[in-house]
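Below: the structure, in structure tokens.
There are 4 protein chains.
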Amino acid sequence: MGEQIQVFITGGTFDKEYNFVSGQLYFKDTHIPGILERGRCTLDIDVRTLMMVDSLEMTPEDREIIGHHCQKTQSRHILITHGTDTMTVTAEYLAKENLTEKTIVLTGAMIPYAFGNSSDGFFNLGSALAFVQILEPGVYIVMNGRYFPWNKVQKNTKTGYFEELS
Amino acid sequence: MGEQIQVFITGGTFDKEYNFVSGQLYFKDTHIPGILERGRCTLDIDVRTLMMVDSLEMTPEDREIIGHHCQKTQSRHILITHGTDTMTVTAEYLAKENLTEKTIVLTGAMIPYAFGNSSDGFFNLGSALAFVQILEPGVYIVMNGRYFPWNKVQKNTKTGYFEELS
Amino acid sequence: MGEQIQVFITGGTFDKEYNFVSGQLYFKDTHIPGILERGRCTLDIDVRTLMMVDSLEMTPEDREIIGHHCQKTQSRHILITHGTDTMTVTAEYLAKENLTEKTIVLTGAMIPYAFGNSSDGFFNLGSALAFVQILEPGVYIVMNGRYFPWNKVQKNTKTGYFEELS
Amino acid sequence: MGEQIQVFITGGTFDKEYNFVSGQLYFKDTHIPGILERGRCTLDIDVRTLMMVDSLEMTPEDREIIGHHCQKTQSRHILITHGTDTMTVTAEYLAKENLTEKTIVLTGAMIPYAFGNSSDGFFNLGSALAFVQILEPGVYIVMNGRYFPWNKVQKNTKTGYFEELS
Chain A
1319 MGEQIQVFIT GGTFDKEYNF VSGQLYFKDT HIPGILERGR CTLDIDVRTL
1369 MMVDSLEMTP EDREIIGHHC QKTQSRHILI THGTDTMTVT AEYLAKENLT
1419 EKTIVLTGAM IPYAFGNSSD GFFNLGSALA FVQILEPGVY IVMNGRYFPW
1469 NKVQKNTKTG YFEELS
Chain B
1319 MGEQIQVFIT GGTFDKEYNF VSGQLYFKDT HIPGILERGR CTLDIDVRTL
1369 MMVDSLEMTP EDREIIGHHC QKTQSRHILI THGTDTMTVT AEYLAKENLT
1419 EKTIVLTGAM IPYAFGNSSD GFFNLGSALA FVQILEPGVY IVMNGRYFPW
1469 NKVQKNTKTG YFEELS
Chain C
1319 MGEQIQVFIT GGTFDKEYNF VSGQLYFKDT HIPGILERGR CTLDIDVRTL
1369 MMVDSLEMTP EDREIIGHHC QKTQSRHILI THGTDTMTVT AEYLAKENLT
1419 EKTIVLTGAM IPYAFGNSSD GFFNLGSALA FVQILEPGVY IVMNGRYFPW
1469 NKVQKNTKTG YFEELS
Chain D
1319 MGEQIQVFIT GGTFDKEYNF VSGQLYFKDT HIPGILERGR CTLDIDVRTL
1369 MMVDSLEMTP EDREIIGHHC QKTQSRHILI THGTDTMTVT AEYLAKENLT
1419 EKTIVLTGAM IPYAFGNSSD GFFNLGSALA FVQILEPGVY IVMNGRYFPW
1469 NKVQKNTKTG YFEELS
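Protein chains in written order, with my numbering: chain A, 1319 to 1484; chain B, 1319 to 1484; chain C, 1319 to 1484; chain D, 1319 to 1484.
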């Protein structure tokens, strides 16, 4: 506690908006700073948007960028917002980056924060910020109120829940 | 992870409602089960309402009831929703109850969950559930994205933020 | 005032939901009854769902069904929720149905009601219910706080606003 | 249609906020301009805040101010947001002000707009704006989806609904 937490934004459902002209979802700006204010969060947090992409369209180059920033940041507590569809892929990539002294937590949302009362985003951010402060160094996924080591989890694509791999 | 979390409801701003006839705030039922569903939480949680009171009106008998239930529950992870005004009083009471093997987290909200987009409750519940899973046994307050050992914290009554005692 | 208002639901953005598994919008049940309760509406209203379709996919047969129900209802005040993309097409169809004693108002939303605080749906329903009570018999579109006779209006597909035809 | 609508803000539950430090309701700024934007309203509207008071505390001098502004405005369509408790008192006062060419609509809310999804305010504003455009000159109260001539209505203080006087 007291150390700065680095938040990296990569997009995902968390930050999607509804375009009322086209009827499509798209990205504008991240909601994270506003969410932290609403959560009355007093942690020392630096928010940086790395990209705004649907995780199904995330490229190897995008993951290199994320890895590069995780290497470079001086913070030992890193929270990454990320689309849920390939969250485990990025988690695996980062786990192999040899970031041995850092606690890296990936989180996201199944319903955009902009969709108000139905979104799980605000809850997920609250639990992810908590876990990133006190979990041992390593790479984790935080969804559904739980944390999962990167190699012990999969997304159930039918239900949208994250499940422990046995 | 995997162990059941015991949630005890005591009321507080978190669960207050607006009575549109009288213009006053009051208690009806707790929102916690609905909040857990919205958060898509898959933790094993047992929710039990002990009381629904404004923490300024909480009596020594009320604290005995809370302590008694903390003793009795078989869970080692206990989350208590509580009004913020006397949260530290109850935390101190529980710390002296000799519940040495249990992690007890008190959390609350500055703005009622029922007031929609302005409430901090959903965020606080997310972080409190995370902290209660992995903090060492002890009594803690979780607010503003942070955890505080029970004897290292006070509420700033002018700003509504919880601050570390030096 | 005092006469029953007939509300016919046809779908449209107003009633769309977000499917968090597929990331697509879809229809489940209409929100209108819940909206009327939230609006504390004490009008005598009968709500009937005729279909749940995106108005871009509305067929001539669908419009026949709507016209048929407008003929059949004994109410002289008819409110139809409808997608905005072809609202004027259905309005024109109904205008030629020779429903000379009835006030028919079509309304909709640019943002789904389920998307919470950003939706215009609740406002539009309030103004549409007001207009349908007191406008002269005829077919109207109510959007953006205004009413437009069916043959004096077009949707600006770039901005999403309805504009008066000169 | 096309003529400017004059909106006068006087406060009332509609515009109340929750003070999270004191736990009391209070007034800050009116939400009306933001509400009109959310409603995607394209009417020509001038919004002017006359006062921000709980209508139980509205004085004869306050009503004189409201009456004076209703006289002075060049608009023939006047919408007044007002607390519900003494809405009929102000309506009666204005009815006796000899504003014979003006349509004056008073509306309000039972639940503050700031309380999100539970508020009736957005709906009431939608219907009040519709009624003020097309009702005959006179003084009206618009609540619960209905309009009431000023001398034909009372608030049921037990239920919060407005009822027609027989």
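Each residue gets a CB set at the ideal place from its N, CA and C atoms; glycine is no exception.
- Tyr1465 (chain C) sits in a strand when the DSSP states are folded into three classes.
- Following the DSSP letters along the chain, one finds Phe1449 (chain B) inside the alpha helix (DSSP H) bounded by residues 1439 to 1452.
- Within 10 angstroms of the beta-carbon of Tyr1336 (chain B) lie 16 or more other beta-carbons, which makes it buried.
- The beta carbon of Thr1404 (chain D) lies closer than 8 Å to those of Ser1373, Leu1374, Met1376 in the same chain, with the five residues before and after it left out.
- Fully contained in the segment 1364 to 1446 of chain D are the following alpha helix (DSSP H) runs of length 4 or more, in chain order: 1378 to 1390, 1405 to 1413.
- Around the beta carbon of Arg1464 (chain C), 16 or more other beta carbons lie within 10 angstroms, which makes this residue buried.
- Ranked by Cα distance from Leu1447 (chain A), the first of B:Glu1454, B:Gly1456, B:Pro1455, B:Met1461 is B:Met1461.
- Judged by DSSP secondary structure, Leu1354 (chain C) falls outside any beta strand (DSSP E) and instead within the alpha helix (DSSP H) spanning 1350 to 1356.
- Straight-line spacing of the CA atoms in Val1325 (chain D) and Phe1332 (chain D) works out to 14 Å.
- DSSP lists no bridge partner for Val1339 (chain B).
- The beta carbons of Thr1360 (chain C) and Tyr1479 (chain D) sit closer together than 8 Å.
- Residue state for Lys1470 (chain A) is assigned as coil, using DSSP reduced to three classes.
- Residues of the segment 1458 to 1484 of chain D with a C-beta atom less than 9 Å from some C-beta of chain B are Thr1475, Lys1476, Thr1477, Gly1478, listed in chain order.
- Not one beta carbon of chain D lies nearer than 8 Å to the beta carbon of Ser1340 (chain C).
- If you draw a straight line from the Cα of Asp1362 (chain D) to the Cα of Glu1482 (chain C), it comes to about 14 Å.
- Only buried fits Lys1334 (chain D), as 16 or more other CB atoms lie within 10 angstroms of its CB.
- Here DSSP, grouped into helix, strand and coil, assigns Thr1328 (chain B) to strand.
- Put simply, the CB of Phe1433 (chain B) is near chain D, with a gap under 8 Å to one of its CB atoms.
- Taking C-beta atoms as the reference points, Leu1417 (chain B) and Gln1392 (chain B) fail to come closer than 8 Å.
- Non-local beta-carbon contacts of Pro1455 (chain C) in its own chain, meaning distances under 7 Å to residues more than five positions away in sequence, involve Thr1418, Glu1419, Lys1420, Thr1421 in chain order.
- Straight-line measurement puts the Cα of Glu1415 (chain C) at about 58 Å from the Cα of Leu1424 (chain A).
- With a beta-carbon spacing of about 7 Å, Ile1452 (chain C) and Leu1453 (chain D) fall inside the 8 Å limit used to define contacts.
- The beta carbons of Gly1434 (chain B) and Gly1401 (chain B) sit no closer together than 8 Å.
- Flagged as an interface residue toward chain B: Ser1436 (chain D), by a C-beta distance shorter than 8 Å.
- Per DSSP, Glu1481 (chain A) is one residue of the beta strand (DSSP E) stretching across 1480 to 1482.
- The straight-line gap separating the alpha-carbon atoms of Ile1398 (chain A) and Asn1469 (chain A) is approximately 17 Å.
- Selection C:Arg1394, C:Phe1441, C:Phe1338, C:Ile1459 evaluated against Arg1358 (chain B) yields C:Phe1338 as nearest (Cα-Cα).
- Under the DSSP definition of a beta bridge, Lys1334 (chain B) partners with B:Phe1345.
- The beta carbons of Thr1406 (chain B) and Lys1473 (chain B) sit closer together than 8 Å.
- Under the criterion of beta carbons closer than 8 Å, Leu1412 (chain C) and Val1471 (chain C) do not qualify as touching, at roughly 14 Å.
- Within chain B, the C-beta atoms nearer than 7 Å to that of Met1428 (chain D) come from Phe1338, in chain order.
- The beta-carbon separation of Ile1327 (chain C) and Ile1350 (chain C), rounded to 6 Å, stays under the 8 Å limit for a contact.
- Less than 8 Å separates the beta-carbon of Phe1441 (chain B) from that of Gly1444 (chain A).
- Contact check for Asp1380 (chain A) and Met1369 (chain A): beta-carbon distance about 6 Å, within the 8 Å limit, so the pair qualifies.
- For Phe1441 (chain C), the closest Cβ of chain D is nearer than 8 Å.
- For Phe1449 (chain B), the chain A residues whose C-beta falls within less than 7 Å of its own C-beta are Ala1448, listed in chain order.
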